[in-house]
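Everything in the sequence shown is counted per UniProt numbering, starting at 1 for the first residue and increasing by one.
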Amino acid sequence: MDIKERIRRSPPPPTPPAAPAPGHPRGTKGRVAVLPLSVAALVACGVLLLLLLSGGSAARRGGQFLDADPATARPSGDGRGGLHQARPRDGGHVTMESSKVQRDKLIGGLLAPGFEEQSCLSRYQSALYRKESPHLLSAYLLERLREHEVLQKKCGPHTESYKKAIEQLKSGQDIEVGDCNYLVWVSYSGLGNRILTITSAFLYAILTNRVLLVDGDKGTADLFCEPFPETSWLLPSDFPINQFKNLNIGSPESYGKMLKTANIHSDGSFKGPKPTFIYLHLAHDYDDYDKLFFCEHSQQHLQRIPWLILRSDNYFVPSLFLIPAYQEELMRLFPQKDAVFHHLGRYLFHPTNVVWGLITRYFDSYLARADEKLGIQIRVFDTETGPFQHVLDQVLSCTLKENLLPEVNAQQPIVSTRKVKSKVVLITSLNSGYYERIRTMYWEHPTSNGEIISFHQPSHEEHQDSDKKMHNMKAWAEIYLLSLSDVMVTSAWSTFGYVAQGLSGLKTWLMFKPENHTVPNPPCRQVMSMEPCFHAPPFYDCKARRGADTGKLVPHVRHCEDMSWGLKLVDTDEW
Numbered sequence: 001m002d003i004k005e006r007i008r009r010s011p012p013p014p015t016p017p018a019a020p021a022p023g024h025p026r027g028t029k030g031r032v033a034v035l036p037l038s039v040a041a042l043v044a045c046g047v048l049l050l051l052l053l054s055g056g057s058a059a060r061r062g063g064q065f066l067d068a069d070p071a072t073a074r075p076s077g078d079g080r081g082g083l084h085q086a087r088p089r090d091g092g093h094v095t096m097e098s099s100k101v102q103r104d105k106l107i108g109g110l111l112a113p114g115f116e117e118q119s120c121l122s123r124y125q126s127a128l129y130r131k132e133s134p135h136l137l138s139a140y141l142l143e144r145l146r147e148h149e150v151l152q153k154k155c156g157p158h159t160e161s162y163k164k165a166i167e168q169l170k171s172g173q174d175i176e177v178g179d180c181n182y183l184v185w186v187s188y189s190g191l192g193n194r195i196l197t198i199t200s201a202f203l204y205a206i207l208t209n210r211v212l213l214v215d216g217d218k219g220t221a222d223l224f225c226e227p228f229p230e231t232s233w234l235l236p237s238d239f240p241i242n243q244f245k246n247l248n249i250g251s252p253e254s255y256g257k258m259l260k261t262a263n264i265h266s267d268g269s270f271k272g273p274k275p276t277f278i279y280l281h282l283a284h285d286y287d288d289y290d291k292l293f294f295c296e297h298s299q300q301h302l303q304r305i306p307w308l309i310l311r312s313d314n315y316f317v318p319s320l321f322l323i324p325a326y327q328e329e330l331m332r333l334f335p336q337k338d339a340v341f342h343h344l345g346r347y348l349f350h351p352t353n354v355v356w357g358l359i360t361r362y363f364d365s366y367l368a369r370a371d372e373k374l375g376i377q378i379r380v381f382d383t384e385t386g387p388f389q390h391v392l393d394q395v396l397s398c399t400l401k402e403n404l405l406p407e408v409n410a411q412q413p414i415v416s417t418r419k420v421k422s423k424v425v426l427i428t429s430l431n432s433g434y435y436e437r438i439r440t441m442y443w444e445h446p447t448s449n450g451e452i453i454s455f456h457q458p459s460h461e462e463h464q465d466s467d468k469k470m471h472n473m474k475a476w477a478e479i480y481l482l483s484l485s486d487v488m489v490t491s492a493w494s495t496f497g498y499v500a501q502g503l504s505g506l507k508t509w510l511m512f513k514p515e516n517h518t519v520p521n522p523p524c525r526q527v528m529s530m531e532p533c534f535h536a537p538p539f540y541d542c543k544a545r546r547g548a549d550t551g552k553l554v555p556h557v558r559h560c561e562d563m564s565w566g567l568k569l570v571d572t573d574e575w
């Protein structure tokens, strides 16, 4: 049932009772008054029965989110506070649901109104499945998003401005920057990496007033709805730079290569003709010259180039916070500094209708009715075939030690309690072995506290295959389902886990990467922030022009829990 239908079926406000007729005070002429009241009662019963029958599906779908007390439904700062959820109630639920749809479908103003709802059901229906975020949006971020939407519409594909810019690009002549300048994102690496790099590119586009165009390779349009109203972010297939997908670290169009060969002078002028575009190589294998992108003088050079083409597999947002020219703007956009991906990810990434069907069918069938939802994401970076005993031991050690799962009672066949609470555990992994063994353990033995626990794993693809359409759709659906958890356990180094964590707004429990097939001690810890980790940051102080520990320059950019050399944003102004 779509949102419009839900709202349509919401009961109208009750009609106030009619005032007594003149000369007939209440309580008099009983025989005359009884008949209308009886008829009204019969009509009311019929309406109530109709609402109960028609609204049941809606109540089942969103009940435990929508009937929850707002004070208890929000996750607390430690990632545990959202565990309690009220269960669906009866007919009054429908009114509450329509009220929430109207209030929350724009996510507090993060999303723009005006989209055709049927083209992307997830955009406005996500409020039915996701609890309200406790992480406040800044009014300035909303203002800049609306301004950027205007820019995307004015300069996007098939507009006169875009056609003019393309003709200038084809000419190869010296092009001056104008009102419409562009950042082209090249599709690269796995799904988690792509989501993180699109987010990084989008933030950079906002900071530099560029139109973001994304390469449609690897099924971008099959996974994500258009994020900007009345335009497209997809790079047209007739883009004239035919070789843009083949550009690499050694290409002469690369900014790092230009610096290395002294084709750019210190004042930003070029040795020869100014190029019509520059390629930015910010992938994991970039060199010291490419990393100079994060210096302020490089940003001044790049401002003069109307077309930039970007390839990356990194979430490079933390290093943008270290560029002096952008610091004030970033602080205004994100006063809560560890909510960058949380806000931009929910703004940009809305599952297409096909993926939304995968998500909602699974959620409604297996997850919706539980009192608590625990997500466990297991990613193993090993060339051997699993499942591995040490990984299973680590998952159990983490979840039991942190009281995310109860112990099992191996001594008694049945453990009864007065009040039984149900918990559902969603496991995502390429391998089904971990799910099967944990599920079997809790099937063969009762829990020590009498909790009823069910385990579910949507898919087990065995191997990552980022070039297959349905593989990517299932991966995106599982990331989204994980992000609907009340508490989450994720795996070190995994961009899949980073995305789910950021969308959820939770500080998850991170399982450290095992070494030598041994369970780490401790097996996991709660993260400092919900931000993803920048795996390959530069270690260079641009101002001092020497090597430096970039995790110790400002208090809100720290080293990651799971990768000692990585960088992540934290919400603090103190060391």
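The C-beta atom is built at its ideal place from N, Cα and C for all residues, glycine as well.
No experiment lies behind these values; they were computed from the predicted model shown.
query: Can you tell which of Leu510, Tyr188 and Ala477 has its C-alpha closest to the C-alpha of Ser122?
result: On the sequence shown, position 122 is the one that residue 122 refers to. Nearest option by C-alpha distance: Ala477.
Phe363 beta carbon less than 9 Å from that of Arg481: Along the sequence shown, one-based indexing puts residue 481 at 481. Along the sequence shown, one-based indexing puts residue 363 at 363. The sequence given here places Leu at residue 481; Arg does not occur at that position. Their beta carbons are under 9 Å apart, which means Leu481 touches Phe363 by this criterion.
query: If you draw a straight line from the C-alpha of Ala68 to the C-alpha of Lys131, how long is it?
result: Counted from its first residue, the sequence shown places residue 68 at position 68. Counted from its first residue, the sequence shown places residue 131 at position 131. Any reading at Ala68 is ruled out, since the residue's pLDDT is 32, under 50, leaving its predicted position unreliable.
message: Helix, strand or coil for Ile107? Go by DSSP, reduced to three states.
response: Counted from its first residue, the sequence shown places residue 107 at position 107. If DSSP states are grouped into helix, strand and coil, Ile107 belongs with coil.
query: Is the Cβ-Cβ distance between Thr440 and Ile378 less than 9 Å?
result: As a position in the sequence shown, residue 440 is number 440, starting the count at 1. As a position in the sequence shown, residue 378 is number 378, starting the count at 1. Taking 9 Å as the Cβ cut-off, Thr440 and Ile378 do not qualify as a contacting pair.
- request: Whole angstroms is fine: what's the gap from Ser171's alpha carbon to Pro335's?
  value: To locate residue 171, count along the sequence shown from 1; it is residue 171. To locate residue 335, count along the sequence shown from 1; it is residue 335. Each residue's alpha carbon lies about 43 Å from the other.
- request: Could you check if Lys552 is buried or exposed, using at least 16 other CB atoms within 10 Å of its CB as the buried criterion?
  value: Working through the sequence shown from its first residue, we reach residue 552 at position 552. Lys552 is exposed by the Cβ-count criterion.
task: Can you grab the Cα-Cα spacing for the pair Asp465 / Asn472, in whole Å?
output: To locate residue 465, count along the sequence shown from 1; it is residue 465. To locate residue 472, count along the sequence shown from 1; it is residue 472. Taking the straight line joining both Cα atoms gives about 8 Å.
message: Check for me: the beta strand (DSSP E) holding Lys423 runs from which residue to which?
response: Counting from one through the sequence shown, the residue named residue 423 turns up at place 423. From DSSP, the beta strand (DSSP E) with Lys423 extends over Ser422 to Thr428.
query: For Ile264, which residues does DSSP report across the bridge?
result: Your numbering for residue 264 matches position 264 in the sequence shown. In DSSP, Ile264 forms a bridge with Phe270.
- prompt: Is it buried or exposed for Arg546, if we count other Cβ within 10 angstroms and need 16 for buried?
  reply: Within the sequence shown, numbered from 1, the residue matching residue 546 stands at position 546. Exposed, since its Cβ has fewer than 16 Cβ neighbours within 10 Å.
- request: For Arg311, count neighbouring Cβ atoms within 10 angstroms of its own Cβ and tell me buried if that reaches 16, exposed if not.
  value: Taking the sequence shown and counting its residues from 1, the one referred to as residue 311 is at position 311. Under this definition Arg311 is a buried residue.
message: Judging by CA-CA distance, which residue of Thr572, Cys524, Arg304 and Thr383 is the nearest neighbour of Val177?
response: Position 177 of the sequence shown holds residue 177. Minimum Cα distance to Val177 is reached at Arg304.
query: Between the C-alpha atoms of Phe388 and Val380, what's the straight-line distance to the nearest angstrom?
result: For the purposes of this step, residue 388 is taken as residue 388 along the sequence shown, with counting starting at 1. For the purposes of this step, residue 380 is taken as residue 380 along the sequence shown, with counting starting at 1. C-alpha separation (whole angstroms): 9 Å.
message: I'd like to know if the segment 108-121 and the segment 135-145 are in contact, where contact means that at least 3 CB-CB pairs between them fall below 8 Å.
response: yes
message: Measuring straight from C-alpha to C-alpha, what distance separates Pro190 and Gln411?
response: Taking the first residue of the sequence shown as 1, we reach residue 190 at position 190. Taking the first residue of the sequence shown as 1, we reach residue 411 at position 411. The amino acid occupying residue 190 in the given sequence is Gly; Pro does not appear at that position. If you take the alpha carbons of Gly190 and Gln411, they lie about 46 Å apart.
task: Tell me, please, whether the segment 388-405 touches the segment 510-527 by the rule of three or more beta-carbon pairs shorter than 8 Å.
output: yes
message: For Val489 and Asp313, what's the separation of their Cα atoms in angstroms?
response: Counted from its first residue, the sequence shown places residue 489 at position 489. Counted from its first residue, the sequence shown places residue 313 at position 313. Straight-line Cα distance between these residues: approximately 23 Å.
- prompt: Anyone know if the C-beta pair for His301 and Gly272 falls short of 9 Å?
  reply: For this step, residue 301 is matched to residue 301 along the sequence shown. For this step, residue 272 is matched to residue 272 along the sequence shown. Result no, Cβ atoms of His301 and Gly272 do not sit closer than 9 Å.
- request: Consult DSSP for Pro318 and reduce its assignment to one of helix, strand or coil.
  value: As a position in the sequence shown, residue 318 is number 318, starting the count at 1. Helix, per DSSP.
task: Could you tell me if His350 is buried or exposed, where buried requires 16 or more neighbouring beta carbons within 10 angstroms of its beta carbon?
output: Mapped onto the sequence shown, residue 350 falls at position 350. The residue is buried, with at least 16 neighbouring Cβ atoms inside 10 Å.
- prompt: Sorted by chain position, which residues of the same chain lie with C-beta nearer than 7 Å to Glu574's C-beta, five sequence neighbours on each side aside?
  reply: Position 574 of the sequence shown holds residue 574. Counting only Cβ-Cβ distances below 7 Å, and skipping sequence neighbours, we find Pro555.
query: Nearest to Lys513 by CA position, among Ser494, Tyr498 and Gly505, is which residue?
result: The residue you call residue 513 lines up with position 513 of the sequence shown. Of the candidates Ser494, Tyr498 and Gly505, the one whose C-alpha sits nearest the C-alpha of Lys513 is Ser494.
query: Across which residues does DSSP place Lys373 in a beta bridge pair?
result: Walking along the sequence shown from the start, residue 373 turns up at place 373. Paired residue(s): Val424.
- prompt: What residues in its chain sit with their C-beta under 7 Å from that of Asp287, if we drop five residues either side in the sequence?
  reply: Numbered from 1 along the sequence shown, position 287 holds the residue referred to as residue 287. Around Asp287: Ile249 and Gly256.
- request: For Arg361, count neighbouring Cβ atoms within 10 angstroms of its own Cβ and tell me buried if that reaches 16, exposed if not.
  value: For this step, residue 361 is matched to residue 361 along the sequence shown. Exposed: under 16 other Cβ atoms inside 10 Å.
- prompt: Where do the N-terminal and C-terminal ends of the beta strand (DSSP E) with Arg346 fall, by residue?
  reply: Position 346 of the sequence shown, counting from 1, holds the residue named residue 346. No beta strand (DSSP E) holds Arg346; the alpha helix (DSSP H) holding it covers Val340 to Leu348.
query: Within the chosen definition, does the segment 555-571 reach the segment 227-243 through at least 3 CB pairs nearer than 8 Å?
result: no
Candidates Lys274, Phe270 and Leu292, of which the one nearest Leu280 by Cα: Walking along the sequence shown from the start, residue 280 turns up at place 280. If we check each option's Cα against that of Leu280, Leu292 comes out closest.
- prompt: Which word fits Val354, buried or exposed, when buried means at least 16 other C-beta atoms lie within 10 angstroms of its C-beta?
  reply: Within the sequence shown, numbered from 1, the residue matching residue 354 stands at position 354. Under this definition Val354 is an exposed residue.
task: Throw me the rounded Cβ distance for the Tyr182 and Leu213 pair, which I believe falls under 8 Å.
output: To locate residue 182, count along the sequence shown from 1; it is residue 182. To locate residue 213, count along the sequence shown from 1; it is residue 213. At roughly 6 Å, the Cβ-Cβ gap stays under 8 Å, so Tyr182 and Leu213 are in contact.
- prompt: Going by DSSP, which residues form a beta bridge with Trp185?
  reply: Within the sequence shown, residue 185 is the residue found at index 185, counting from 1. Beta-bridge pairing links Trp185 to Val214 and Leu310.
message: For His135 and Ala339, which I take to be in contact (beta-carbon distance under 8 Å), what is that distance rounded to the nearest angstrom?
response: The residue given as residue 135 occupies position 135 in the sequence shown. The residue given as residue 339 occupies position 339 in the sequence shown. Indeed they touch by this definition, with Cβ atoms about 4 Å apart.
query: In terms of alpha-carbon separation, which member of Lys105, Trp185, Asn242 and Asp104 lies closest to Asp215?
result: For the purposes of this step, residue 215 is taken as residue 215 along the sequence shown, with counting starting at 1. Ranking the options by Cα distance to Asp215, first place goes to Trp185.
message: I need the boundaries of the alpha helix (DSSP H) containing His297, first residue and last residue.
response: Mapped onto the sequence shown, residue 297 falls at position 297. Note, His297: alpha helix (DSSP H), Glu296 to Leu302.
query: Residues in its own chain within less than 8 Å of Asp179 by CB, not counting five upstream and five downstream?
result: Residue 179 sits at position 179 when you count from the first residue of the sequence shown. The residues are Lys154, Cys155 and Ser161.
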